[in-house]
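S.K.: In our numbering, the protein residues as written are 97 to 510. Sharing a structure with you now.
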């Protein structure tokens, strides 16, 4: 079978401390962008992920008729280096360099922003951008804290902005083929989805502190996190430290769980349990190097995610249905087979999933800024992946089963 306002003055005074096609309200943007008008974009966060997104932006800027007009980072060196790099990419159109993100959001000429900062800052910056009527591309995870997730979600709804979450795998042709195959019923009733994604070293070990406090703004880095003394390793390797990250659950599982939602059509899980700890890499970093989370969905299937740092072997990504198994370990070429099924309509023979072409994730966002349609990974998708990651992390921290009530948008432990 083939796969078929707040006020500008008060704002600037603050410190830095499901894929649908429904058009958004016309009031969702301050400046009406005509089909021939160039979209002016600012980026907040010029680290490794920010520069990766800038490459994506550069590759799609001409077709999307957009340009970077401002770069913002509290780290002086990164901000200036990125400004020069973008100027070269834009053939001499050099963007402004801005230290404080509220100042960038207060620029009337900026239509949209890319947020590529520390994980705990994502929802706060998204909320602030929404209140300034800026459309947003925000890196995943959308949030690692329930309070700030709800605030950001409400601000997006109240201001009707276009939000694209950085779960870019939704825009891959291969996974769009998987979605069509599963939602056609060809895999049968979904029973479970599972992924093990590990490596020898934790990915946060790729970063090491090498700057002085005078080169950045430590208070702005901390934002709402508890005050603590300057620590260069925390600043540069924040992915390995709480409360700035929840480790692989937000850093890795958010991609997986978003694909589960995208491919199956499910939203947030009903319950989550999790266990793990620091088993191998016993150093100053505080997020677990081993984590196992299991979630149950209202659609009556289970989802399992595992990361163990200390070995990069035995990785897998599978979706199991009553008619067979979908193997997605090769992200570019998923395959299906009738393995394990005795259903009369099981998949007859092993076959590749046929890809379905889609615009690149960044281009999809830029097009939606003009059309006011929901992008591939809109705010509902971001909310759902964040719920799953937050529930799993709370389950790990408390040793309790977490339950999500979608009607009241509440998480409780049992």
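Every residue, glycine too, gets a C-beta built ideally from N, C-alpha and C.
Taking all protein chains shown into account, decide if residue 494 is buried (16 or more other Cβ within 10 angstroms of its Cβ) or exposed.
M.R.: Residue numbering aside, residue 494 sits at position 398 when the chain shown is read from its first letter. Exposed is the call here.
S.K.: Residue 489 and residue 341 look like a contact to me (Cβ under 8 angstroms); what is the Cβ gap, rounded to whole Å?
M.R.: As a first step, residue 489 is located in the chain shown; it is residue number 393 there, counting from the start. As a first step, residue 341 is located in the chain shown; it is residue number 245 there, counting from the start. So it is not a contact: roughly 10 angstroms between Cβ atoms.
S.K.: Expressed to the nearest angstrom, what Euclidean distance is found between the alpha-carbon atoms of residue 139 and residue 229?
M.R.: The residue you call residue 139 lines up with position 43 of the chain shown. The residue you call residue 229 lines up with position 133 of the chain shown. Their Cα atoms are separated by approximately 15 angstroms.
S.K.: On a Cα-Cα basis, can you pick out the residue from 501, 304, 136 and 184 that is closest to residue 205?
M.R.: One-based indexing of the chain shown puts residue 205 at position 109. Out of 501, 304, 136 and 184, 136 has the C-alpha closest to the C-alpha of residue 205.
S.K.: Taking only the alpha-carbon atoms, compute the straight-line gap between residue 218 and residue 424 and give it to the nearest angstrom.
M.R.: One-based indexing of the chain shown puts residue 218 at position 122. One-based indexing of the chain shown puts residue 424 at position 328. Using only the alpha carbons, I get a separation of about 29 angstroms.
S.K.: Less than 8 angstroms separating the beta-carbons of residue 182 and residue 209?
M.R.: To locate residue 182, count along the chain shown from 1; it is residue 86. To locate residue 209, count along the chain shown from 1; it is residue 113. For residue 182 and residue 209, no; Cβs fall outside 8 angstroms.
S.K.: Would you identify the three-state DSSP class for residue 97, choosing helix, strand or coil?
M.R.: Taking the chain shown and counting its residues from 1, the one referred to as residue 97 is at position 1. Residue confidence is low: residue 97 scores 39 on pLDDT, short of 50, so the model does not pin down where it sits. No coordinate-derived value is stated.
S.K.: When the Cα atoms are used, what is the spatial distance from residue 433 to residue 277?
M.R.: The residue you call residue 433 lines up with position 337 of the chain shown. The residue you call residue 277 lines up with position 181 of the chain shown. Those two C-alpha atoms are separated by around 12 angstroms.
S.K.: Residue range of the beta strand (DSSP E) that residue 313 falls in?
M.R.: Looking up residue 313 in the chain shown gives position 217. Taken as a continuous stretch (DSSP letters only), residue 313 belongs to no beta strand (DSSP E), as it is neither H nor E.
S.K.: Whole angstroms is fine: what's the gap from residue 500's alpha carbon to residue 373's?
M.R.: Here residue 500 refers to the residue found at position 404 of the chain shown. Here residue 373 refers to the residue found at position 277 of the chain shown. About 24 angstroms.
S.K.: I need the straight-line Cα distance from residue 240 to residue 485, nearest angstrom please.
M.R.: If you number the chain shown from 1, residue 240 lands on position 144. If you number the chain shown from 1, residue 485 lands on position 389. Roughly 7 angstroms between the two C-alpha positions.
S.K.: Exposed or buried, residue 426, counting other C-beta atoms within 10 Å across all chains shown (16 or more means buried)?
M.R.: Start at 1 with the first residue of the chain shown, and residue 426 comes out as number 330. Residue 426 comes out exposed.
S.K.: Check this for me: beta carbons of residue 365 and residue 393, under 8 angstroms apart or not?
M.R.: Working through the chain shown from its first residue, we reach residue 365 at position 269. Working through the chain shown from its first residue, we reach residue 393 at position 297. A contact, by the Cβ cut-off of 8 angstroms.
S.K.: Beta strand (DSSP E) containing residue 390: first to last residue?
M.R.: For the purposes of this step, residue 390 is identified with residue 294 of the chain shown, where counting begins at 1. Element bounds for residue 390: 386-393.
S.K.: Compute the distance between the beta-carbons of residue 189 and residue 163, then report whether it is under 8 angstroms.
M.R.: As a first step, residue 189 is located in the chain shown; it is residue number 93 there, counting from the start. As a first step, residue 163 is located in the chain shown; it is residue number 67 there, counting from the start. In this structure, residue 163 lies closer than 8 angstroms to residue 189 by Cβ.
S.K.: Please state the DSSP three-state secondary structure of residue 498.
M.R.: Counting from one through the chain shown, the residue named residue 498 turns up at place 402. Strand.
S.K.: Pick helix, strand or coil for residue 503, following the three-state DSSP scheme.
M.R.: Indexing the chain shown from 1 puts residue 503 at position 407. Note: residue 503 maps to coil in three-state DSSP.
S.K.: Measuring straight from C-alpha to C-alpha, what distance separates residue 414 and residue 390?
M.R.: What you label residue 414 is simply residue 318 of the chain shown in a count that begins at 1. What you label residue 390 is simply residue 294 of the chain shown in a count that begins at 1. Between residue 414 and residue 390, the C-alpha separation is close to 14 angstroms.
S.K.: In this structure, does DSSP put residue 509 in helix, strand or coil?
M.R.: Counting from one through the chain shown, the residue named residue 509 turns up at place 413. DSSP places residue 509 in strand when its eight states are reduced to three.
S.K.: Are residue 460 and residue 471 close, meaning C-beta to C-beta below 8 angstroms?
M.R.: Start at 1 with the first residue of the chain shown, and residue 460 comes out as number 364. Start at 1 with the first residue of the chain shown, and residue 471 comes out as number 375. Closer than 8 angstroms, so yes.
S.K.: My parser needs the alpha helix (DSSP H) runs of 4 or more residues fully inside the region 274-354; what are they?
M.R.: 314-318, 328-332 and 344-347, all fully within the region 274-354.
S.K.: Rounded to a whole number of angstroms, what is the C-alpha to C-alpha distance between residue 403 and residue 292?
M.R.: Counting from 1 along the chain shown, the entry for residue 403 is found at position 307. Counting from 1 along the chain shown, the entry for residue 292 is found at position 196. Rounded to the nearest angstrom, the two C-alpha atoms are 6 angstroms apart.
S.K.: Would you mind giving the Cβ-Cβ distance between residue 145 and residue 235, rounded to the nearest angstrom? I have them listed as a contact below 8 angstroms.
M.R.: One-based indexing of the chain shown puts residue 145 at position 49. One-based indexing of the chain shown puts residue 235 at position 139. Their Cβ separation, rounded to whole angstroms, is 6 angstroms, which keeps residue 145 and residue 235 in contact under 8 angstroms.
S.K.: Quick one: grab the DSSP three-state call for residue 258.
M.R.: As a first step, residue 258 is located in the chain shown; it is residue number 162 there, counting from the start. The answer is coil: DSSP assigns residue 258 none of H, G, I, E or B.
S.K.: Can you name the start and end residues of the alpha helix (DSSP H) that residue 184 belongs to?
M.R.: One-based indexing of the chain shown puts residue 184 at position 88. Segment 172-185, the alpha helix (DSSP H) holding residue 184.
S.K.: Report the residue from 156, 275 and 386 whose alpha carbon sits nearest the alpha carbon of residue 492.
M.R.: As a working note, residue 492 is residue 396 in the chain shown. When only C-alpha atoms are compared, the closest one is 386.
S.K.: How long is the line joining the alpha carbons of residue 248 and residue 227, rounded to whole angstroms?
M.R.: Stepping through the chain shown from its first residue, residue 248 is reached at position 152. Stepping through the chain shown from its first residue, residue 227 is reached at position 131. Residue 248 and residue 227: Cα-Cα distance of roughly 10 angstroms.
S.K.: Contact defined as beta carbons within less than 8 angstroms: I believe residue 158 pairs with residue 311. What is the distance between those atoms, to the nearest angstrom?
M.R.: Walking along the chain shown from the start, residue 158 turns up at place 62. Walking along the chain shown from the start, residue 311 turns up at place 215. Their Cβ separation, rounded to whole angstroms, is 35 angstroms, which puts residue 158 and residue 311 out of contact at 8 angstroms.
S.K.: If we count the other Cβ atoms within 10 Å of its Cβ and call it buried at 16 or more, is residue 429 buried or exposed?
M.R.: The sequence position of residue 429 within the chain shown is 333, counting from 1. Label assigned to residue 429: exposed.
S.K.: Along the chain, where does the alpha helix (DSSP H) containing residue 145 start, and where does it finish?
M.R.: Position 49 of the chain shown holds residue 145. Residue 145 -> alpha helix (DSSP H) spans 144-160.
S.K.: Hey, would you say residue 168 sits closer than 8 angstroms to residue 129, going by beta carbons?
M.R.: Position 72 of the chain shown holds residue 168. Position 33 of the chain shown holds residue 129. No, these two residues do not count as a Cβ contact at 8 angstroms.
S.K.: Let me confirm a value: residue 544 is counted as buried when at least 16 other C-beta atoms fall within 10 Å, else exposed. Which label applies?
M.R.: No answer is possible for residue 544: it lies beyond the span of the chain, which begins at 97 and ends at 510.
S.K.: Grab the span of the alpha helix (DSSP H) containing residue 220 for me, first residue to last.
M.R.: Position 124 of the chain shown, counted from the start, is the residue given in the question as residue 220. Taken as a continuous stretch (DSSP letters only), the alpha helix (DSSP H) holding residue 220 covers 218-227.
S.K.: Could you check which residue in 420, 154, 269 and 371 has the C-alpha nearest to that of residue 288?
M.R.: The residue given as residue 288 occupies position 192 in the chain shown. Nearest C-alpha to residue 288: 420.
S.K.: Measuring alpha carbon to alpha carbon, tell me which residue in 456, 363, 458 and 502 is nearest residue 478.
M.R.: Taking the first residue of the chain shown as position 1, residue 478 is located at position 382. Of the candidates 456, 363, 458 and 502, the one whose C-alpha sits nearest the C-alpha of residue 478 is 363.
S.K.: For the alpha helix (DSSP H) holding residue 197, just list the boundary residues, first then last.
M.R.: Position 101 of the chain shown holds residue 197. Start and end: 197-201.
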